[in-house]
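Beneath this line is the structure, given in structure tokens, with notes to follow.
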Amino acid sequence: MGHVPRRPFDAPHVADWPTVQEWLPATVPGNVRSDLLAQGHIPDPTAGLNYRHSRWVEDVDWWYRRRVTLNPLPPEGRAFLIFHGIDYLSAIFVNGREVARHAGMFSRQTIEVTEAARAGAFDLAVRLWGSGALPRRRLSGLQKAWQFWGQKLYRSWVGIYPDRTATLKCQMSFGWDFAPPVRAMGIWDDVELRRTGPLAIRDWQISGGTGGDPVAVTLWLNSARPTPAQAEITLIPANFRGDSPPPAHFSLRLPAGQSRVTLRCPASGLKPWQPWERGLPHLYTARVSLTGPDGRRLDSVDCRTGFRVASWKDGQLSVNGRSIFARGLNW
123 MGHVPRRPFD APHVADWPTV QEWLPATVPG NVRSDLLAQG HIPDPTAGLN
173 YRHSRWVEDV DWWYRRRVTL NPLPPEGRAF LIFHGIDYLS AIFVNGREVA
223 RHAGMFSRQT IEVTEAARAG AFDLAVRLWG SGALPRRRLS GLQKAWQFWG
273 QKLYRSWVGI YPDRTATLKC QMSFGWDFAP PVRAMGIWDD VELRRTGPLA
323 IRDWQISGGT GGDPVAVTLW LNSARPTPAQ AEITLIPANF RGDSPPPAHF
373 SLRLPAGQSR VTLRCPASGL KPWQPWERGL PHLYTARVSL TGPDGRRLDS
423 VDCRTGFRVA SWKDGQLSVN GRSIFARGLN W
């Protein structure tokens, strides 16, 4: 990683990594300050008033880069880069070409890199805007006046109308009663390279499975061409011993491009997820596999999930049909 001068987030051309003066080792998942601290470039920002000595990292922009190598793709193979979390403003480049620009730290970004991956290697770079470029609240004239005069009475370093409310970031990182303002930025979650056949699962969601309702599995798919496929859905106990429901099978005929399908499976015999004082939080490994007419795997995904019913009525929270005391709340 390395830093460059600040540019506006909406600037049309931001490929300025050649101007980086010094490249430093970077860890992913991680964040800029953690790497600088590990290499002795800044003092520990959590000690005393040391946070003041690393404020400069928020006023410049940062580049992450690496060379990605992989085995060549088969003729109908596809490759996707998945960034599970970049904090907060970012632009992604593949072989020097910008392929995505995004604001927000919790949205997964999926970028197809099939053509670049066919060569067996490609250059990946991510530009991160320093936290000084984060969105700020827009105040009316009256709010600005109260921000100025009320601040003298309130004596808070975050202000009457704090900018933290303009972003979906950890609120205390903007300054709290126990924490100084240390706004993080970095590639904070995993990055993975997925290889698929001509049909790829871009996203998926599970619902239902309680109260006699079937398990509904919604798939968001991307197909390079019209494709027939077989789907298999399995639910396997993950944190307890028990019987698995029989696998469910479906025949699909998918168009080229983006599509969405919802598959429904019988839910008999599923054990519910329970709150800790009421029993076991039963979890299942849910797996979706797609195969072509020749039986060759096209793509598959899996995750751990639980099944429960939560409802709120007349100020009372109920889980699996039984009321429960909510011990606290936050925002």
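The numbering of the sequence shown is my numbering, which starts it at 123 and goes up by one. The C-beta atom is built at its ideal place from N, Cα and C for all residues, glycine as well.
Of the listed residues the options, nearest to residue i (C-alpha basis)
i      : options                           : result
Thr427 : Trp395, Glu399, Phe447 and Arg382 : Trp395
Ser253 : His135, Ser212 and Asp365         : Ser212
Phe513 : Cys425, Tyr186, Leu343 and Gly331 : Missing from the structure shown is residue 513; the chain here goes from 123 to 453 and no further.
Asp299 : Tyr276, Thr349, Ala346 and Pro388 : Tyr276
Trp310 : Ala360, Thr289, Met227 and Ala346 : Met227
Ser366 : Ala389, Val304 and Ser381         : Ala389
Cys387 : Gln380, Thr356, Ala378 and Leu412 : Thr356
Val437 : Asn217, Gly272 and Ile446         : A quick correction: the sequence has Gly, not Val, at residue 437. It is Ile446.
Arg400 : Arg444, Phe296, Arg174 and Arg382 : Arg444
Ala351 : Gly263, Val337 and Ala322         : Ala322
Val142 : Pro359, Pro196, Met123 and Pro369 : Met123
Ala137 : Gln293, Glu198 and Tyr186         : Tyr186
Length of the line joining the Cα atoms of residue i and residue j
i      : j      : result
Arg466 : Ser373 : An answer regarding residue 466 cannot be provided, because it is not within the stretch 123 to 453 covered by the chain.
Asp325 : Lys274 : 49 Å
Arg223 : Thr232 : 12 Å
Leu392 : Tyr406 : 9 Å
Ala375 : Val339 : As written in the sequence, residue 375 is Arg, which differs from the Ala given in the question. Rounded to the nearest angstrom, the two C-alpha atoms are 17 Å apart.
His125 : Ala148 : 12 Å
Arg449 : Pro320 : 49 Å
Glu354 : Asp421 : 11 Å
Asp181 : Thr236 : 35 Å
His518 : His371 : Coverage of the chain is limited to positions 123 through 453, which leaves residue 518 absent and any answer about it impossible.
Leu250 : His206 : 15 Å
Ile164 : Pro134 : 32 Å
Ala160 : Arg174 : 18 Å
Thr168 : Asp157 : 15 Å
Pro140 : Val216 : 15 Å
Gly414 : Val221 : 30 Å
Ser176 : Leu146 : 16 Å
Ile282 : Trp178 : 24 Å
Whole-Å CB distance - residue i paired with residue j, under 8 Å assumed
i      : j      : result
Asp209 : Gly308 : 6 Å
Arg240 : Thr318 : With a Cβ gap of about 14 Å, Arg240 and Thr318 do not count as contacting.
Ala306 : Asn172 : Their Cβ separation, rounded to whole angstroms, is 15 Å, which puts Ala306 and Asn172 out of contact at 8 Å.
Arg98  : Ala267 : In the structure as shown, the chain begins at 123 and stops at 453. Residue 98 is therefore absent and cannot be evaluated.
Item checked: Length-filtered (3 minimum) beta strand (DSSP E) runs lying within the stretch 357-421 -> Complete beta strand (DSSP E) runs here, min 3: 370-376, 379-387 and 406-413.
Checklist line | At least three beta-carbon pairs within less than 8 Å, the stretch 185-198 to the stretch 236-249 | finding: Three or more Cβ pairs drawn from the stretch 185-198 and the stretch 236-249 lie within less than 8 Å of each other, which places the two stretches in contact.
Notebook entry, point to check: Mind pulling the beta strand (DSSP E) runs of 3 or more residues that sit fully within the stretch 150-234?
Noted result: Taking only runs of at least 3 residues, the beta strand (DSSP E) segments lying wholly in the stretch 150-234 are 183-191, 200-205, 211-216, 219-225 and 231-234.
Notebook entry, point to check: Which runs of the beta strand (DSSP E), 3 residues or longer, sit entirely within the stretch 234-265?
Noted result: The qualifying runs are 243-250.
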